[in-house]
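Asker: Quick note, the sequences are listed as chains C and B, same order.
For what it's worth, our numbering labels the leading residue of the first sequence as 26, then goes sequentially.
For what it's worth, our numbering labels the leading residue of the second sequence as 26, then goes sequentially.
Protein chains: 2
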Amino acid sequence: MIVDISKKILIVGLGLLGGSYARVLKRFGFHISAITKEQSSIDYALREKIIDEGSIELDERMIGEADIVIFALYPHVFVEWISENQKLLKSGALITDVTGVKGSIVYRIQNMLRHDVEFIAAHPMAGREVSGVENSTDKIFAGANYIVTPTSKNTPEAIQTCMELGRLLGFSNVTTLSPEEHDEMIGFLSQLTHCIAITLMTCNDKEDMEKFTGDSFRDLTRIARINDQMWSELFVENKTALLEQMDLFISKFNELRGMLESEDIDGMRRMMRHSTERRALFDKK
Amino acid sequence: MIVDISKKILIVGLGLLGGSYARVLKRFGFHISAITKEQSSIDYALREKIIDEGSIELDERMIGEADIVIFALYPHVFVEWISENQKLLKSGALITDVTGVKGSIVYRIQNMLRHDVEFIAAHPMAGREVSGVENSTDKIFAGANYIVTPTSKNTPEAIQTCMELGRLLGFSNVTTLSPEEHDEMIGFLSQLTHCIAITLMTCNDKEDMEKFTGDSFRDLTRIARINDQMWSELFVENKTALLEQMDLFISKFNELRGMLESEDIDGMRRMMRHSTERRALFDKK
Chain C
26 MIVDISKKIL IVGLGLLGGS YARVLKRFGF HISAITKEQS SIDYALREKI IDEGSIELDE
86 RMIGEADIVI FALYPHVFVE WISENQKLLK SGALITDVTG VKGSIVYRIQ NMLRHDVEFI
146 AAHPMAGREV SGVENSTDKI FAGANYIVTP TSKNTPEAIQ TCMELGRLLG FSNVTTLSPE
206 EHDEMIGFLS QLTHCIAITL MTCNDKEDME KFTGDSFRDL TRIARINDQM WSELFVENKT
266 ALLEQMDLFI SKFNELRGML ESEDIDGMRR MMRHSTERRA LFDKK
Chain B
26 MIVDISKKIL IVGLGLLGGS YARVLKRFGF HISAITKEQS SIDYALREKI IDEGSIELDE
86 RMIGEADIVI FALYPHVFVE WISENQKLLK SGALITDVTG VKGSIVYRIQ NMLRHDVEFI
146 AAHPMAGREV SGVENSTDKI FAGANYIVTP TSKNTPEAIQ TCMELGRLLG FSNVTTLSPE
206 EHDEMIGFLS QLTHCIAITL MTCNDKEDME KFTGDSFRDL TRIARINDQM WSELFVENKT
266 ALLEQMDLFI SKFNELRGML ESEDIDGMRR MMRHSTERRA LFDKK
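#1: Excluding the 5 residues preceding and the 5 following Thr246/B in the sequence, name in chain order all residues of the same chain whose CB lies nearer than 8 Å to its CB.
#2: Got a sec? Which residues, its chain only, sit under 8 Å from Leu113/B by beta carbon, not counting five neighbours each side?
#3: Could you round the C-beta distance between Thr186/B and Ser45/B to whole angstroms and report it? I think they count as a contact, below 8 Å.
#4: Can you pull the DSSP bridge partners for Ile36/C?
#5: Should Gln64/B go down as buried or exposed, given a rule of 16 or more other Cβ atoms within 10 Å for buried?
#6: According to DSSP, is Ala47/C helix, strand or coil?
#7: Considering just the uninterrupted stretch of the beta strand (DSSP E) at His148/B, what are its terminal residues?
#8: Within 8 Å, do at least three Cβ pairs link the segment 298 to 308 of chain C to the segment 247 to 267 of chain B?
#9: Please return the same chain residues whose Cβ sits closer than 8 Å to the Cβ of Met271/B, not counting the five positions on each side in sequence.
#10: Report yes if the CB atom of Val28/C is closer than 8 Å to the CB atom of Leu194/C, and no otherwise.
#11: Taking C-beta to C-beta, are Ile184/B and Gly125/B nearer than 8 Å?
#12: Since Asn198/B is in the beta strand (DSSP E), which residue starts that stretch and which ends it?
#13: Buried or exposed, going by whether 16 or more other CB atoms sit within 10 Å of the CB of Glu205/B?
#14: Hey, does Leu39/C have any beta-carbon neighbour from chain B nearer than 8 Å?
#15: Measure the Cβ-Cβ separation of Glu258/B and Pro149/B and say whether it is below 8 Å.
#16: Is the shortest distance between the beta-carbon of His101/C and the beta-carbons of chain B less than 8 Å?
#17: At a cut of 8 Å, does the segment 232 to 240 of chain C reach the segment 141 to 161 of chain C through at least three beta carbon pairs?
#18: Tell me the residue span of the beta strand (DSSP E) that contains Thr121/C.
#19: Could you spell out where the alpha helix (DSSP H) holding Ile221/C opens and where it closes?
#20: Identify the continuous beta strand (DSSP E) that holds Glu78/B and give its terminal residues.
#21: I believe Ile107/B touches Ile134/B by the beta-carbon criterion, under 8 Å. Please report the beta-carbon distance rounded to the nearest angstrom.
#22: Does the CB of Arg48/C have a neighbour CB from chain B at under 8 Å?
#23: Can you give me the C-alpha to C-alpha distance between Asn229/B and Met296/C, rounded to a whole angstrom?
#24: By a C-beta neighbour count over all protein chains shown, 10 Å radius and 16 as the cutoff for buried, is Val261/B buried or exposed?
#25: Using a Cβ cut-off of 8 Å (strictly closer), state whether Thr121/B contacts chain C.
#26: Find the residues of chain B that neighbour Val261/C, judging by a C-beta separation of less than 9 Å, and give them in chain order.
#27: Compare the C-beta of Gln270/C with all C-beta atoms of chain B and state if any pair is closer than 8 Å.
#28: Hey, would you say Ala169/B sits closer than 8 Å to Phe213/B, going by beta carbons?
#29: If I follow the unbroken alpha helix (DSSP H) through Ile165/B, where does it start and stop?
#30: With 8 Å as the threshold, decide whether the Cβ of Gln254/C is near any Cβ in chain B.
#31: Which same chain residues end up closer than 8 Å to Ala70/B when comparing Cβ atoms and leaving out the 5 residues on each side of it in sequence?
#32: Count the other C-beta atoms from every protein chain shown that fall within 10 angstroms of the C-beta of Glu109/B, then say buried if there are 16 or more, exposed otherwise.
#33: Going along the chain, which residues of the segment 234 to 245 of chain C sit with their C-beta nearer than 9 Å to a C-beta in chain B?
#34: Counting along the chain, where does the alpha helix (DSSP H) carrying Val102/B start and finish?
#35: Give the straight-line distance between the Cα atoms of Glu154/C and Leu42/C, rounded to the nearest whole angstrom.
#36: Quick check: what's the CA-CA separation for Leu285/B versus Met284/C?
Pasting the structure below:
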């Protein structure tokens with residue numbers, strides 16, 4: 026194990042993800058502290074013994090003692106926190122995050138960060154449709170992807186430590202991508218699908234449709250139930266990559282519309298066969 | 026029971042749906058015959074005792090004896106069959122179907138049909154991702170919708186009989202809609218979702234995306250594995266209604282794109298809250 030258990034880990038933002046991190050890492054024997062907004066979250070986490078100590082204040086001792094700091098905050102809150110409070114970090118500390126967009130965050134943080142502290146970004150692709158430390162669990166990481174997005178400013182040691190953290194947490198696939206590759210992938214696989222689901226859910230308000238709804242429609246709109254604060258921020262933070270993916274989708278959708286209008290059955294069947302073949306790649310292994 | 030079991034039922038097209046109909050109706054004690062393309066389908070159905078007799082020919086006695094004829098064919102094959110072979114039907118026979126589009130079929134059939142035979146259209150909204158009588162089952166109707174689409178040419182008795190048939194088959198919801206209401210509903214809930222799934226699946230062929238795929242993307246593309254012959258025909262048969270639904274979707278999607286481009290967070294959050302509220306209506310009861 027590269028990350029030795031004498032390291033003190035601080036989690037900033039004790040919600041669903043931060044709480045799930047704490048739950049798993051505490052079991053390995055790490056000293057876990059937490060700083061978060063609500064006293065009730067701290068109380069719950071202490072009672073459940075998933076943290077050793079916690080505070081709703083900027084506890085200088087707690088921050089100054091942490092060897093590894095994991096930020097599980099909204100993107101803009103994370104950037105503000107570093108800008109205002111990085112002076113409190115321990116010299117030599119390693120900081121990482123859980124932010125779902127990378128290009129717009131990683132460079133901003135690395136460029137403003139003290140030179141004796143290193144930021145290595147990561148995106149744990151796990152979540153639930155509920156939030157809060159009370160819903161945290163050690164079961165959301167199995168089968169999921171953990172993506173580290175290093176830049177030229179990162180040391181090999183930090184990259185290794187961050188990947189090791191992903192393995193300790195129980196992620197099935199721990200890989201690296203550049204921030205740009207990450208954002209394109211996330212723009213397509215996650216953000217575009219959410220854009221489609223909310224559009225489908227809001228484009229026709231005709232009454233009584235639900236009476237006739239089958240599984241296909243339910244499958245396509247499951248994620249149409251969405252945290253508007255978080256996703257609108259993630260969309261804007263990944264604007265360039267997401268607009269590109271939306272345009273690829275619109276262009277292909279219009280192509281299909283054109284084929285239907287001109288009754289180009291051969292063209293539609295070609296597209297459907299392409300779709301069928303490509304979908305086979307995406308089956309769960 | 027309105028449909029008495031002394032009635033002889035003929036199923037034309039013994040595939041997944043036709044076979045599933047036969048399986049359930051035979052159990053009630055009806056005399057079931059079948060006409061289909063492949064001898065192997067007839068052999069299987071006889072062996073499994075889900076039909077009493079079957080043929081791959083236009084068996085004049087079999088057709089002439091049937092009180093109820095259920096057509097489970099592709100739309101254009103159904104229309105051709107009636108046009109060429111309706112002379113063989115018994116006087117007073119009731120015919121129905123399983124076709125997934127209505128406006129373009131119902132009036133065409135009713136207008137060409139002999140006056141001593143009645144056509145009452147129905148759409149059993151059930152299916153599987155596999156086909157053929159060998160995959161037929163009596164389990165696909167529970168929880169599903171069965172929609173009868175009467176016109177002014179239909180008698181109350183035929184409508185009642187057709188609805189009773191849906192209940193006997195085990196459908197949970199048996200209702201009526203006009204052919205036009207049906208096509209709008211199907212255009213939105215089923216055909217538009219398939220258009221979206223195949224577009225999403227084919228709009229970005231970048232390699233290795235499958236490595237990072239999560240449940241959201243899999244949910245949205247499950248139906249991207251599609252029978253190209255059947256769906257291209259259903260799309261064209263419902264062209265007007267489907268184009269209308271596609272345009273509603275494109276317009277809303279472009280609205281979202283515009284809000285993202287101008288970073289209109291409030292607008293996006295309003296749309297997401299609308300989506301979240303509306304999705305609650307579509308939860309399984």
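Heads up, the beta-carbon is just placed ideally off N, CA and C, and yes, glycines get one too.
Answerer: Short version:
#1: Along the second sequence, one-based indexing puts residue 246/B at 221. Contacts found: Ala222, Leu225 and Met226.
#2: One-based indexing of the second sequence puts residue 113/B at position 88. Excluding sequence neighbours, Leu113/B sits near Leu83, Glu85, Ile88 and Gly89.
#3: Numbered from its first residue, the second sequence carries residue 186/B at position 161. Numbered from its first residue, the second sequence carries residue 45/B at position 20. The C-beta distance from Thr186/B to Ser45/B rounds to 19 Å, too long to meet the 8 Å contact threshold.
#4: The sequence position of residue 36/C within the first sequence is 11, counting from 1. Ala59/C and Ile95/C.
#5: Position 39 of the second sequence, counted from the start, is the residue given in the question as residue 64/B. Exposed is the call here.
#6: The residue you call residue 47/C lines up with position 22 of the first sequence. Reduced to three states, the DSSP call for Ala47/C is helix.
#7: Mapped onto the second sequence, residue 148/B falls at position 123. Note, His148/B: beta strand (DSSP E), Ala147 to Met150.
#8: yes
#9: Reading the second sequence from its first residue, position 246 is the one you call residue 271/B. Leu217 and Cys220, listed in sequence order.
#10: As a position in the first sequence, residue 28/C is number 3, starting the count at 1. As a position in the first sequence, residue 194/C is number 169, starting the count at 1. Cβ atoms of Val28/C and Leu194/C: not closer than 8 Å.
#11: If you number the second sequence from 1, residue 184/B lands on position 159. If you number the second sequence from 1, residue 125/B lands on position 100. The answer is no: Cβ separation not under 8 Å.
#12: Mapped onto the second sequence, residue 198/B falls at position 173. Where Asn198/B is concerned, the enclosing beta strand (DSSP E) stretches over Asn198 to Thr201.
#13: To locate residue 205/B, count along the second sequence from 1; it is residue 180. Exposed is the call here.
#14: In the first sequence, the residue the question calls residue 39/C occupies position 14. Leu39/C does not count as touching chain B.
#15: By 1-based counting over the second sequence, the position of residue 258/B is 233. By 1-based counting over the second sequence, the position of residue 149/B is 124. Not a contact, by the Cβ cut-off of 8 Å.
#16: The residue you call residue 101/C lines up with position 76 of the first sequence. His101/C does not count as touching chain B.
#17: no
#18: Taking the first sequence and counting its residues from 1, the one referred to as residue 121/C is at position 96. Leu119 to Asp122 is the span of the beta strand (DSSP E), which, as asked, contains Thr121/C.
#19: The residue given as residue 221/C occupies position 196 in the first sequence. Segment Thr218 to Thr227, the alpha helix (DSSP H) holding Ile221/C.
#20: By one-based count along the second sequence, residue 78/B stands at place 53. That run of the beta strand (DSSP E) goes Glu78 to Ser80.
#21: Translated into positions along the second sequence, residue 107/B becomes position 82. Translated into positions along the second sequence, residue 134/B becomes position 109. Right, their Cβ atoms sit about 6 Å apart.
#22: Counting from one through the first sequence, the residue named residue 48/C turns up at place 23. No, no contact with chain B.
#23: Taking the second sequence and counting its residues from 1, one reaches residue 229/B at position 204. Taking the first sequence and counting its residues from 1, one reaches residue 296/C at position 271. Going by the C-alpha atoms only, they are around 13 Å apart.
#24: As a working note, residue 261/B is residue 236 in the second sequence. Per the 10 Å Cβ criterion, buried.
#25: Counting from one through the second sequence, the residue named residue 121/B turns up at place 96. Judged by the 8 Å Cβ criterion, Thr121/B is not in contact with chain C.
#26: Position 236 of the first sequence, counted from the start, is the residue given in the question as residue 261/C. Neighbours of Val261/C on chain B, chain order: Leu285, Glu288, Ile290 and Met293.
#27: Counting from one through the first sequence, the residue named residue 270/C turns up at place 245. So yes, Gln270/C belongs to the interface.
#28: For the purposes of this step, residue 169/B is taken as the residue at position 144 of the second sequence. For the purposes of this step, residue 213/B is taken as the residue at position 188 of the second sequence. Not a contact, by the Cβ cut-off of 8 Å.
#29: Indexing the second sequence from 1 puts residue 165/B at position 140. Careful: Ile165/B lies outside any alpha helix (DSSP H) and carries neither H nor E.
#30: Position 229 of the first sequence holds residue 254/C. It does; some Cβ of chain B falls within 8 Å.
#31: Position 45 of the second sequence holds residue 70/B. Within the same chain, Ala70/B has close Cβ partners Leu39, Gly44, Ala47, Ala59, Ile76, Gly79 and Val158.
#32: Here residue 109/B corresponds to residue number 84 of the second sequence, with the count starting at 1. Glu109/B is exposed by the Cβ-count criterion.
#33: Met234, Glu235, Lys236, Phe237, Thr238, Gly239, Asp240, Ser241, Phe242, Arg243, Asp244 and Leu245
#34: Here residue 102/B refers to the residue found at position 77 of the second sequence. Unbroken alpha helix (DSSP H) run through Val102/B: Pro100 to Asn110.
#35: Looking up residue 154/C in the first sequence gives position 129. Looking up residue 42/C in the first sequence gives position 17. Glu154/C and Leu42/C: Cα-Cα distance of roughly 12 Å.
#36: Counting from one through the second sequence, the residue named residue 285/B turns up at place 260. Counting from one through the first sequence, the residue named residue 284/C turns up at place 259. C-alpha separation (whole angstroms): 29 Å.
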